[in-house]
Structure formats: structure tokens, C-alpha cells
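So the sequence lines, in the order shown, correspond to chains L and C. Here the first sequence stands for residues 205 to 531, where the numbers follow the numbering used here. Here the second sequence stands for residues 8 to 555, where the numbers follow the numbering used here. Below: one structure, written as C-alpha cells.
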Amino acid sequence: MALTLGETAEKVPVPPVAGGRRRRPPGAVVSDHLRSRWQLWLMLAPAIALTVVFAYVPMYGLQLAFREFDFAQGLTGGDWVGLAYFRQFFASPLFWDLLRNTVAISLTTLVVGFVAPIALALVVNQVVGRRRKRFLQTATYLPHFISIVVVVGMLQVFLNPATGVLPRSLGLLGVEGGNLLGSTSAFVPVYVISEVWQHCGWNSIIYLAALASVDPQLYEAARVDGASRAQTVRHIDLPALVPTMIVLLILNMGGVLNAGFEKVFLLQNPLNLPVSEVISTYAYKIGILSSQFSYATAIGLFNTLINFVFLVVTNQVAKRVSNTSLW
Amino acid sequence: MARTPRTPSAAPGGEARPRRSRRALRTGAAALVAPALLVAGCTGGGDDEGGEAGGSSTLDVLVVKHPLTKGMDEMAWVKTLEEEAGVTLNWEEVSADWDQKKSTMLAAGDVPDLVIGTNVITDSDLATYGSLFVDLSEHMDALPNVQAMFEEVDGAEQTATQTDGSVYALPRWKQAWPQAITRQYINQQWLDALGLEMPTTFDELYDVLLAFKTEDANGNGDPDDEIPLDWAPVATTGWGYFQPSALLGGTGLPISGGGGTGYFVEDGTVGNWLADERWKEVLLFLERANAAGLVSTNVMTQDYSAYQSVGRGSGDDATVGMSWGWTSSDRFGAQLAPQYASMAPVLSEPGVEPTWSWDFENLTPNHILLSAQSDAIDAGLRVIDAFYDEDLSVQTLFGDEGEYVTKTGEGAYEVLPPADGTSDPSTWKWTNSLADASPGWIREETQLVLPTDLAEAVEQSAPLEPALANVDPDEDVWPPYIKMSAADLSTLSLNNTTLLNLTQNAFAQFVTNGGVEAGWDDYVASLEAAGLQQNIDLYQQYYDASEG
């Protein structure tokens, strides 16, 4: 990944400075640093500016979660109500349902969506012939560019209990599929499988890049030693992917409660509502449709906090177990 | 953004240090300034006023129009309007993302002279930003057309008036639209082919639908391709048009707007039909129909386009027996429309006095507002009044006189059919003028020869007339102009979100999996626990206050 400040400092030769560096005040160290590496900071400046303006500055709006929003007073002018909106959310009769549904959808997506691209990358990597490999790769990542609305439209057509391809073919085989779009037990599988179908190819690109960087000498040596294909995959390809896998897993864990809003909302109908109402759709209904901005902010903040905790915990575990981590 | 620093020159050793540090300082400053510039880029802009000061009357007008609508400078009525009011109009046309633009515009307090569109600035916006606009109630002398509309049209003035008595935004009123949006259709050709009578009660309807199902009603040789009953997708956020809430009409329960969040008024008492015994009767009927396979298998999960395309059948073979829609040609397509007949509400049991959903398509709120910062208030008032002129109201709705509308006499107009031969009349209307987005007043006494789709809707509303006559708009309809406090709205919507989560799923489960009789009491108890009574009490309080 990108070099951190510390790493950059190690790699860029520091011009020798007169006098003992340790005894110098911290201000001088910083100005030395800036003096010798201002070009790097300059290049970073637009990115830093964007992050500050669009990620940190808006955070002042978070106080909305602790205030009673008042149109006339603006974002920060409402009365301070403390944790009232959080308590309201925890006391809501829907709270546990929402949490259960959100975790079920996002955790399944996370696990399946994590394993599938790795498997795909390993398979694509085994395909012999440049053109075939390219074709397979392109074919698998193309669905990534279909918009969510269209994907849901396709699901509606394919799974239509009366005319859909899937229920009809199942019917021919004598299997009574029922209404996959409305069934509470089919909602998560339908969501996850279509999600994996759509994004698996795209997500495998990064693994393919990691595999491309494996030293060909390793494969040759393995072949000389008489390793089978499966053994090559097991002992060369997989270990080469582990650092990438862990970084991606940590990043994904940061979104553990982020069951995507659009797709869930589009797939939602009165029949599958008990499993398809998630935190984000509830926040939309309460926040946008009913103008309860403070309450929706509190729900969003709660969501983010849980995600943050997951991110930190996974990172620490990864650090202990495999010595790979984000920070 | 940041200035490109000059490449460091090979400076003589002695000078190198101070120059470098100065440069570092400059870079640092640039890095600091960059976000500030970004912020300025976000909030700035539009500070320079376009409107001319003094008596010169050039008005900036923001109009929120349909994406199909052609440019304002292509509409001839705009010239007439400018001449009549003696102004020059400078249009800003918005057809997407208005909500986002609006909130920044209001927050910045930077409002053009006039703002036009359907509910373009809502009542809740006005609660906060009302002071940005002119209180028109103080200028009624300059608005004779508007004053006349307030006098003649029931509810127009109440709709326009905010809780504090001010009038910032004016509604539009158009006669000729049918009172109800939803009409009920049955395939008359199928009835005739099977020798059946038009059903009038739930039991008769059940038998008719069963015959549709078991026999080859459309006569194409396949007895299994008929869908006896189909309705528009029911949202998880509330009830609307063309949905089975329409069956409530046969139980005598008066709903409005297709059902909304379930609250209704009956003889001055507020209730929620989603917990009403009469809704249970409808559910029982739907459960029975579904168990017999009379309801489309996809009814709970299809989207609106699927619902529409199924209704159009294939070729001359209709697929759907009974359904709801705006007009039969809109619902079933021009080819199949003649097969369908519009029908009166089907009674839950003989002797019930039927009702029908009371909709508000004729009176829509907040169509035009005048900025309080405008330099030319008088000119703005003239423009507003001109919009409510009879001639212009017809033209803003249907298009320019001569090309899209012919004036056949004093106060008499004929709307011409689409000239391109392929558009339907409502698409045509939206293409050529502001249509329903414009402010205006189509008077009760205006003689209009309506475009075919409207004429069709009016004609097919006939069977509903007796049922609508049973609804007393003063006692049985929630007045749409009631304005509530923010705190109460918050309570209501919190409870409603939970309630709808329960009711919409219960509806789907009851219909597809049955168990209405056994599950009804638990269902109602769960609604009570979710705050149903609290909401009903609140609504009742506001209703009483508005009536008293």
C-alpha cells in the first residue's frame, strides 16, 4: 500500500544537519522535514485538502445527533438533548430486527464476497493461454459496471414466479421454487449471490495483480520438484495472496454494518420486509421520508461506530496473528 | 489550485537556506489555503445579483419543470405573459435534483424574484424560510384573479394560508379532473363470453374471478393464462393509487389519496383503517381469493413496469380480469382497452353504502412564490396575477393557443390532439407547456373540450359517482391543508414508520399465507403497542382544532 510518513522518512535520504538532531526542538525537526520533502507534501496537498473538506469538516454536523434539529436555528442551533435519540433508537420495537437483518446481510456478503474473488483469481491464474485468460477475466468483471437498478430489474425478470427463467427451469426439474422475491428465507441468498456475481470479477483483479508478481522461478522450482497443480496453488499462490487478503479483509470489516442501501431498498417488498428492513433503509424512511434528521443522524453515527470498532478489532487481531495490518 | 512553485534554482550556498525555508513556508501556506479555496468554491457563487435595480422590470424566474418540457423561450404564452404584466422574464429552468438545489438556495437566502413549480417550496420549508418570501395576503388588492379564486374555490385560501395567517405560496386549481385517481376495471368481454353478470358483492366477485380462472375466459385455448385479479405494487412506505385499498370503498370506509399511512376521518372521527374491522373483511376476501389462485402470483413482488406490462396482455388476448388504473387505455393499452368496463365499488355485503377514495388532484399547493428581496415587487405581483388569468391558465396547462389549444368562444377552449401522432395526450401536454407544474386557475365555468385521456377518465368515473356522493368532504375527508407542529410531526412519523413496517408485512403475509381470522387480534395488539392510539389522538386533536 502507500507509504506512510514514517516509511517515507526512512527511504528518503536525510541531508546531514549540523548539530545533534536529538537535542533540537520538535519545531525544528518539522521544519527540516518540510524543507527537504516539501515536494511530496505539495503533491499530497490536494488529497489532504479534499479529505479535510469532505471528510473532516462535515463531521461538525454530527452534533445533530445530540441536538433537536430545528429548521430555523440551522444545523448547530437546536436544543441539546444528549443521547435521547440513541435511546429512542435502542428502545424502538424495530431495533433488534434491524440489527439482526443488517448483520445477516452484510456478514454473509462479507464472507462469501471475500472468498469468491480469491477462488476466481486462482482459477483464472490457472487458465492457459493469454487470450482465453483475458476473455475470462473481462467476462467476469463486466457485470461490475451494470447499475444496481438494472441488476435488480434483471432479478425481477429472472425470478418472477410466473414467467421467470429460474422458477420455470426449476419447475421443469420438478422443484417447486415458490416466490424467491418474496420469500423471507430466500432474500439473503438472492441478495448475496447476485452481489457476488456482480462484483466477484472486479474484486479478483487485485488478487490477479498479486499473483502476477509471484516470481516465476518459484513455479519452475516447484515443477522440477514434481509438485502437482493443486500443490502449486496451495504452497505458492495462496501464501502470495495472504497479505493482500488480510488488508482487504480489514478494509471490508470497516463496512460490516453497511448493507448497501440501494439494492436492499429496491429488492424490498411487503412480503420480505421482516428480513429486508435494515438500518440504512430504516434511516432513509425515518430521516428523509419523515424529516427526522436528528434521529437519522444518530442512527448513522451508531452504525459508523460499530463499523469502526470492527475495523480496529480486526486490525489488531491481524497484527497479532499474521503481522500484517493497516497501521 | 495551489500555485506551481518554480523549480529550485541552483542557488549559491549562503542564500540557499533562507530561500528554501521561505519556499517551504509558501508551500505550507498553499496547502492551508487550498481547503479554504475549496470551501469558498462550495459556498460562493451566485453572489452577483442578476436582477436589475430600480423600476426596470426584469424578473429572474426559477421554474421547476418536467424533464420532457421544452425550453421556456419556445413557449408563445410566455410572450403574452410578459406583455400583460409589462415585464421581461429571465428564466432559470430546473428539472432535476431540485431538493438539493432548494435547500442550499434557501439556506443561502439567495432567492430569485419568482419561484414556480408543483409544491416547489413546501410548508415545512416555509415554516423556516417564510421570511424570504412576500406575504401575499398583504397584497391581495394587486391580485384580483387570485382573490377571486380564493372566494370561489373551496379550500384554496386555507391551503395557501400558513399557521400564522400569512400567504407565501399560492395553490393551483383546475376543474375537469375527476375526483378520484383510481378507477376499477373488469374485463367485460370475459364476463360476456362466460355469460356472467357484473359482480356487485365480494361473494359474487369471488365467483366471477373463479370462473375467469377455471375457464378459458380470453378464448385463446389456454385455460391457465388468465390472471383474475392484479393490483399495483404496494410500497413498504404506505398506500397509494391502484391498490387493493380501493376495495375498502365497498365496505363504506372513506379513504383519501389511496390510503396513505392508513388514517381516515369518518363523521368527524379519526381512525386508522389498517386496524379497522372493515379492512379485516377485505383481507379475508383477498385471502380467500389468493388461496383459490385468483390473485397474480407475483402481486407482492412485481414492480410497477411489470404490473403495467402484464395488464397489456399479448395482442388481442387480455391476461388480467380485474384491476385498477387511471384510464382503461393507460392500464390495458389502446388495443385491449375496449374489452374493459369501469365498475362501481364491490360491496362487502349487500346493503352497505359504498364510498371511494377522495383524492386531491384539482387543488395542489405552493405553485408560485415571490421573493421578499425582489427589487420589483409590483412587477412580480403583476406576473403572479397574470398566471391566474383564464386564457393563460389554459395555455400554461395544455400549451399555446393556436397550436395546442383553440379558443372556440368566450371562456371556451378545445384541447387539440397530439400533432405528432405517437404521443399520448398527457405526454404531449408535459412536452409543450409547464402543464400541472404551472400556477393557474381553470375556472369552474370554463368550457373545456378535454384531451382524450382526461375525457376518458371523466367518462369512466361515472360508475363511481354514487359512491363518491356518499363521501362528505367536510366530515369524511382529512383536510390536506392542516398544518402541524414539528414536535407532533416527529412523534407521528416515528410511530408511523414502525406501524407501516408491521402493517405492510402483515398485509402481504395475510394475503399470501392466510391466517387473517387467527392472527387479526394479535396484529391489532401489535399496532396498539407501536403507538397507534397516540397517533390517532394527535390527528384527532388537529382535526378538531381545524373544524372548531
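Quick reminder that beta carbons are idealized off the backbone N, C-alpha and C, glycines included. Keep in mind the model is a prediction, meaning the values are calculated, not measured.
- No Cβ of chain C is located within less than 8 Å of the beta carbon of N305 of chain L.
- The beta carbon of N126 of chain C sits closer than 6 Å to the beta carbons of P372, N373 from its chain, once the five residues preceding and following it are set aside; these are given in chain order.
- Residue range 65-71 is occupied by the beta strand (DSSP E) that includes V70 of chain C.
- Counting the other CB atoms within 10 Å of its CB gives A525 of chain C a total below 16, which places it among the exposed residues.
- The beta carbon of S349 of chain C sits closer than 8 Å to the beta carbons of R190, Q191, Y192, S335, Q467, S468, A469, P470, L471 from its chain, once the five residues preceding and following it are set aside; these are given in chain order.
- As summarised for the region 408-484 of chain C, the continuous beta strand (DSSP E) elements at least 3 residues long and confined to that stretch are 412-416, 419-422, 454-456, given in chain order.
- Inter-residue distance for L475 of chain L and N520 of chain C is about 10 Å (C-alpha atoms, whole angstroms).
- In chain C, no part has a C-beta under 7 Å from the C-beta of S432 of chain L; the shortest such distance is about 48 Å.
- Straight through space, the alpha carbons of L359 of chain L and D479 of chain C are spaced by roughly 45 Å.
- DSSP places I123 of chain C within a strand segment (E or B) once states are collapsed to three.
- Taking 8 Å as the cut-off, the beta carbon of I440 of chain L is found no closer than this to the beta carbon of V468 of chain L.
- Within the model, the alpha-carbon separation for D283 of chain L versus L268 of chain L is close to 10 Å.
- Distance check between V160 of chain C and each of C:Y395, C:L113, C:D210 places C:Y395 closest, using alpha-carbon atoms only.
- A200 of chain C and Q346 of chain C have their C-alpha atoms spaced approximately 11 Å apart.
- Per the Cβ contact rule, the region 409-416 of chain C is not in contact with the region 374-388 of chain C (fewer than 3 Cβ pairs under 8 Å).
- Chain order gives the chain C residues near K489 of chain L as T244, T504, where near means a beta carbon separation below 7 Å.
- For S497 of chain C, the chain L residues whose C-beta falls within less than 7 Å of its own C-beta are Q496, listed in chain order.
- Interface criterion not met: the Cβ of Q267 of chain L is under 8 Å from no Cβ in chain C.
- Secondary structure at E356 of chain C: coil, using DSSP grouped into helix, strand and coil.
- Here R190 of chain C carries a strand assignment [DSSP, helix/strand/coil].
- Taking the Cα of Y264 of chain L as reference, the smallest distance to any Cα among L:G281, L:A249, L:A320 is reached at L:G281.
- Apart from the 5 residues on each side of it in sequence, L324 of chain L sits with its Cβ closer than 6 Å to the Cβ of C404, S408 in its chain, given in chain order.
- Taking a 10 Å sphere around the C-beta of R271 of chain L, we find 16 or more other C-beta atoms and assign the residue as buried.
- Counted as a single uninterrupted DSSP element, the stretch harbouring F271 of chain C is not any alpha helix (DSSP H) but the beta strand (DSSP E) occupying residues 270-273.
- Linking M205 of chain C to A296 of chain C through their CA atoms gives a straight-line distance of about 17 Å.
- With fewer than 16 other CB atoms across the displayed protein chains lying within 10 angstroms of its CB, Y311 of chain C is exposed.
- In this structure, the beta-carbon distance from L301 of chain C to L217 of chain C falls below 8 Å.
- Of all residues in the region 468-480 of chain L, only Q472, N473, P474, L475, L477, P478 come within less than 7 Å of chain C when Cβ atoms are compared, listed by chain position.
- Under the three-state reduction of DSSP output, L501 of chain C falls in the helix class.
- Inter-residue distance for P230 of chain C and A419 of chain C is about 51 Å (C-alpha atoms, whole angstroms).
- Taking a Cβ-Cβ threshold of 8 Å, none of the residues of chain L is close to L301 of chain C; the smallest such distance is about 14 Å.
- In the structure shown, V85 of chain C adopts helical secondary structure according to DSSP, grouped into three states.
- Residues of chain L with a Cβ closer than 9 Å to the Cβ of Q169 of chain C do not exist; the shortest Cβ-Cβ separation is about 14 Å.
- The contact set of Q360 of chain L on chain C, defined by CB atoms closer than 8 Å, consists of T308, Q309, D310, A313 in chain order.
- Near chain L, meaning a CB-to-CB distance below 8 Å, the residues of the region 527-548 of chain C are A536, A537.
- The contact set of L501 of chain C on chain L, defined by CB atoms closer than 9 Å, consists of Q292, S296, I490, S494, Q496, Y499 in chain order.
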